[in-house]
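Take a look at the structure below.
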Amino acid sequence: MAGAEADAAPDQEIEVSTKRFFCATVCLLSSGLLSAQVAEISFDGNINFLKLPPNIHMGEAAGVATDSKGNIFVYTRTGGESGAMGGSRFFTYGGSRLFVFDSTGKYLREIGTGIYGFLFAQSVRVDAQDNIWAVDRGSNNIIKFDAAGRFLQVLSRKPESVNPTGGAGGGEGGGRGGGGRGRGGVQGDNFNRPTDIAWDPQGNMFVSDAYSSARIVKLDKTGRFIKTWGSKGSEPGQFDMPNSVAVDAQGNVYVADLGNKRIQVFDNDGNVKSQIADVGSPWAICISPGAHQYLYSANSNPPDSMDNGEIYRMELDGKVLGKFGTAGKLVKEFGTVNEIDCRNPNTLYIGELTNWRVQKVTLHAAK
Amino acid sequence: MKISDQTCLIVALLWAAPVFAQAPAGAQNLSPAAIATRAKVQNVPEIPYESVPNFLKLPPNLYLGEGIGIATNSKGHVFVYTRSQRTRLFEFDQNGAFVREIGEGLYGFVFAHAVRVDPQDNIWAVDEGANMVIKFNPEGRVVMTMGRRPEPADALAGAPPAPDPANPGKYVFNRPTDVGWDADGNIFVTDGYGNSRIVKYDKNGRFITQAGTKGSEPGQLNLPHSMAMDAKGNAYVADRSNRRIEVFDNDLKFKTIYDNVGTPWELCISPGPHQYLYSSNTFPDNNDYTLATVSGEVYKMELDGTVLGKFGKAGKQLGEFSGLHEIDCRNPDVLYTSEIQLWRAQKLMLHPTKK
């Protein structure tokens, strides 16, 4: 179904613009059809906005976020990991880096260089106090830095060692290194391949814990476990690869339920409120701040395709206002969007996995 | 057509063999492996050549590893893509002086396989560990990526799913080996050790078509290890494990086979009005040193498969080849070669008209 839609997408876009062109004369005739179409938002893209020093290269741009001063943080999979054999155990370090740019795209510095939990970047978010949180899907850690780049806190625990033929080696006893596998008990505050973090106005944290746990974890602002909900499945309240999470000003929790092709909305305690479908496979979602909040969702192409790729702009109730972009490698195209920053709802930063870049997107004519 | 021509030639040579007793010297004593390794074409004229000693000058504490890929740009700069402690890409000038490293610490540099330079002097690295083809602009910045490095996190969480050879995917590779372009900028990728195909993309990386499944029938491939494009847009594939070169047209329809030059590890087609095809019957790294007597030479051919001459042999001395892995033939008489086993690159001066 997705493939068929994708093949038709370019024609549909042409159709829309053609209809717009003739709208002045035959508007009434076409308006009925137009309402079934999603309006294209006109936009510009800049794939060379971030300037890296000569010997620093972006890898998969898994995470991008801005702080209140407009600084841009990119958490990227750079590779360069190392390993060490210890008896029969194999220990691995490195593989991701966190870069900081100013609001003009000038490179400022790297933070977290060589830190224990930087293995496989998944996302980065900046909280209301301008702290930077790096979510790592390899180490299962979520690492908090202050605005100066100093380490403040870490959630979950990195598996002590890895088994190259499969599975993580947990710590002895307690199982805390096991990555939230909950040895017979309730899953707690150890994650198993976490994907994203968001905060409500009180500072409570919501972590999407994705791949095998398929759940949301709620922690208080100090990092103390409050509750968890969800399991793997397709029923309301269940998830299949929750890849991104966002919270609105009322404290409602929006989860990009990627594999189920829907955004699920929960209240602050995890009760199911509603779901938003018909926006493809949401890989990344973002809710803009301010009096009128917008919800953005990327129907990203999987890495082995160049289908879909458009980003939707919605009201919080799921009403689609428009869309922009398509999958591809050129400017104004996207290669598997994994994170969106929407601090300014008309100036977005798009983290692309397969194109190894952050694209700055400026939306025009937003109503 | 071509096959039958060659068959005639081979049959003729076989008939002639007893007459020229000295030509296939000791042929009767060759092991089955050596007979399979030896090129079918015999009595090929030797092309005189010499290797420039110590052409590449590396700074202290910088070393080449397995000399996997080598290519030149229009200014004569030489790019070497090598398996060091990490996979690295070095640039040298036309005199062999070290210029810089490109893509230092890159996410897609895992296990080097080939480097090529396109007509616009963009540098393309093919990495069979990352399963990626990475395009750098002449300034050395990444401008396009193809394929995708498997997620380490997947491997950490358990064995990744086995690839499906019947459905290899349009935009992912399984140990790709080489890249080439036609005059329109369409991109061709041989893929590779895991898959058995050649894939055509447009200049923006959008899939167009593919050819090849694993096998030995005409049009099938078994380890497409290298490729080269001619000016008409035909694709020549080194079908290594089938010991043959396969030629496909620009739509990747099978055209013909050249199977008389041994085991082609590496192909290169020179530019210009008269294009030549070079193919390396590389001495394989399989611990059977008897094969060194029947392999290691490079053939110079017309595009139609006619063998014009050959040069080189297996060995570790200057001008010999130890696991020749890539050839640059921008100038058909000045070749650059890289070798796996000897961790080196050579600059070769050919003198095809000298006798």
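Taken in sequence, the protein lines are chains R and F. Numbering that gives the first Met the number 0 applies: residue 0 is where the first sequence begins, and numbers increase by one. Numbering that gives the first Met the number 0 applies: residue 0 is where the second sequence begins, and numbers increase by one. Ideal Cβ positions, reconstructed from N, Cα and C, are used throughout, including at glycine.
When secondary structure is reduced to three states using DSSP, residue 114(R) falls in the coil class, being assigned neither helix nor strand. Taking a contact to require three or more Cβ pairs closer than 8 Å, the segment 188-197 of chain R and the segment 138-158 of chain R qualify as touching. Shown in chain order are the members of the segment 309-342 of chain R whose Cβ falls below 9 Å from a Cβ of chain F: 327, 328, 329, 332, 334 and 335. Contact note: residue 54(R) reaches chain F through 100, 103 and 104, using a C-beta cutoff of 8 Å and chain order. Within a 10 Å sphere around the beta-carbon of residue 101(R) sit fewer than 16 other beta-carbons, which makes this residue exposed. Interface criterion met: the Cβ of residue 143(F) is under 8 Å from a Cβ in chain R. The straight-line gap separating the alpha-carbon atoms of residue 184(F) and residue 201(F) is approximately 7 Å. Taking C-alpha positions only, residue 209(F) is separated from residue 167(F) by approximately 10 Å. As a beta-bridge residue in DSSP terms, residue 275(R) pairs with 262(R). When only Cα atoms are considered, residue 65(R) and residue 107(R) end up about 13 Å apart. Taking residue 125(F) as reference, the option from 107(F), 64(F), 50(F) and 270(F) with the minimal CA-CA separation is 107(F). If only complete runs of 3 or more residues are kept, the segment 174-210 of chain F shows the beta strand (DSSP E) at 175-180, 186-190, 196-200 and 206-210, in order along the chain. In summary, no residue of the segment 243-270 of chain R has a CB separated from any CB of chain F by less than 8 Å. Along the segment 188-217 of chain F, the positions whose C-beta sits under 9 Å from a C-beta of chain R are 203, 204, 205 and 206, read in chain order. For residue 133(F), the uninterrupted beta strand (DSSP E) run begins and ends at 131-135, by DSSP.
Not one beta carbon of chain R lies nearer than 8 Å to the beta carbon of residue 178(F).
In terms of Cα proximity to residue 271(F), the closest of 330(F), 293(F) and 240(F) is 330(F). Taking 8 Å as the threshold, the shortest C-beta distance from residue 80(F) to chain R does not fall below it. Against chain R, the beta carbon of residue 150(F) has neighbours under 8 Å at 119, listed in chain order. The C-beta of residue 240(R) comes no closer than 8 Å to any C-beta of chain F. Annotated three-state conformation of residue 34(F) is helix, per DSSP. One Cα belongs to residue 143(F), the other to residue 334(F), and the distance between them is close to 28 Å. Within the DSSP secondary-structure output, residue 252(R) pairs in a beta bridge with 246(R) and 265(R). Residue 343(F): member of the beta strand (DSSP E) spanning 343-349, first to last residue.
The DSSP assignment places 81-85, 88-92, 95-100, 106-110 and 120-125 as complete runs of the beta strand (DSSP E) inside the segment 73-127 of chain R, in order along the chain (cut-off: 3 residues). A Cβ-Cβ contact shorter than 8 Å links residue 251(F) with residue 197(F). Note that the segment 71-90 of chain F does not touch the segment 48-67 of chain R; fewer than 3 beta-carbon pairs, one per stretch, sit closer than 8 Å. At least one beta carbon of chain F lies nearer than 8 Å to the beta carbon of residue 80(R).
The beta carbon of residue 263(R) lies closer than 6 Å to those of 254, 256 and 274 in the same chain, with the five residues before and after it left out. Three or more beta-carbon pairs separated by less than 8 Å link the segment 219-227 of chain F to the segment 174-191 of chain F, which places the two stretches in contact.
The Cβ atoms of residue 199(R) and residue 246(R) sit closer than 8 Å to each other. For residue 43(F), there are no neighbours in chain R by C-beta distance under 8 Å, as the nearest C-beta there is about 44 Å away. The beta carbon of residue 39(F) sits no closer than 8 Å to any beta carbon of chain R. For residue 264(F), the enclosing beta strand (DSSP E) starts and ends at 263-268. DSSP lists 132(F) as the bridge partner or partners of residue 145(F). Apart from sequence neighbours up to five positions away, the residues of its chain that approach residue 45(R) with a beta-carbon distance below 6 Å are 359, ordered along the chain.
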